[in-house]
Amino acid sequence: MKSIPQIGYGTWNRPGEIAYRGSLAALEAGYRHLDCAEGYENEEFVGRAISDSGLPREDLWITTKVAPESFGPGQVRPHVEASLDKLGVGPVDLLLLHYPSINDEYAIKDYMAQFAEVYDAGLCRNLGVSNFTIRYMDAALRLLGDRPILTNQVELHVFLHNQPIVDHCASLGVRMTAYSPLARGAVSTNPVLKDIGGELGATPEQIALAWLLAKGYAVIPSAGSPDRISQNLKAAELTLSADQLARLDALDRDMRLVNGPWCPTWD
-11 MKSIPQIGYG TWNRPGEIAY RGSLAALEAG YRHLDCAEGY ENEEFVGRAI SDSGLPREDL
49 WITTKVAPES FGPGQVRPHV EASLDKLGVG PVDLLLLHYP SINDEYAIKD YMAQFAEVYD
109 AGLCRNLGVS NFTIRYMDAA LRLLGDRPIL TNQVELHVFL HNQPIVDHCA SLGVRMTAYS
169 PLARGAVSTN PVLKDIGGEL GATPEQIALA WLLAKGYAVI PSAGSPDRIS QNLKAAELTL
229 SADQLARLDA LDRDMRLVNG PWCPTWD
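Take the sequence shown: its position 9, counting from 1, is numbered -3 in our numbering, and each next residue is one higher.
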């Protein structure tokens, strides 16, 4: 079974043709991992980019997510089937629950049972979660039984190390995927990132991604221009020294960017 490519192209906040152009540019640049979601309302455009790229399906890793508004009784499977129809790639490589149910509107026991049913029916190759805190992770693993959770996709960047959930997932053998890995552009002006970039002939964004990659996380940066998309992928070619890693470790300031009323109480 193939494993999740460490760098993917994220499509949050990239609607319509913007998602199409970005996804196609990413595939042309060498990305083989695309991350989208029902809630982004762009799956059909990502699917068209995949089709137009001409790349073999088996070379690609496609992730999508079920929105928490779709967790009602009997709702998960039809929403997953609708996502698959839009993407046109057959079973996705990874299906995530985008958030726990908002304010626990739906019981986790009920929606995890639906999630398990979708997996057992072969609509996805791997299961994962996103924005799950320690409490929800433990419940999800218990309810899924012998079905593994491949990853927990959470906000992670040099300014938010999110250590409680990272450490808990590590103890469970669940890999982390970092969304907003560039802190929505905040990394570009940080003097430490710029200094280390100068030492390695790299951009601050590449340094920020290299730090996450060195931690063993998968990352899904988003970008609009083909040049920036390509630059982000080249972060995988960088090797940070122990001193550079330590300087980046010191940047944590608990700078959480995603903290709306739809979010769980963070650890």
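In this text, a Cβ means the ideal position worked out from N, Cα and C, and glycines have one as well.
The beta carbon of T139 sits closer than 6 angstroms to the beta carbons of G116, R163, T165 from its chain, once the five residues preceding and following it are set aside; these are given in chain order. Short of 8 angstroms from the beta carbon of I96, and not among the five residues preceding or following it, lie these beta carbons of its own chain, in chain order: P88, S89, Y124, A127, A128, L131.
In this structure, the CA atom of N178 is about 45 angstroms from the CA atom of G110. The DSSP assignment places complete beta strand (DSSP E) segments of no fewer than 3 residues inside the segment 106 to 143 at 115 to 118, 137 to 143, in order along the chain. A straight-line Cα-Cα distance of about 29 angstroms links L75 and H145. Here DSSP, grouped into helix, strand and coil, assigns M100 to helix. Secondary structure remark: continuous alpha helix (DSSP H) runs of at least 4 residues inside the segment 137 to 198, in chain order: 151 to 160, 179 to 188. The segment 68 to 85 makes contact with the segment 14 to 31: 3 or more CB pairs, one atom from each, lie closer than 8 angstroms.
Inclusion of V180 and R135 in the CB contact set at 8 angstroms is not warranted, their separation being larger than that value.
Under the three-state reduction of DSSP output, Y87 falls in the coil class, being neither helix nor strand. Here E193 is buried, its C-beta having at least 16 other C-beta atoms within 10 Å.
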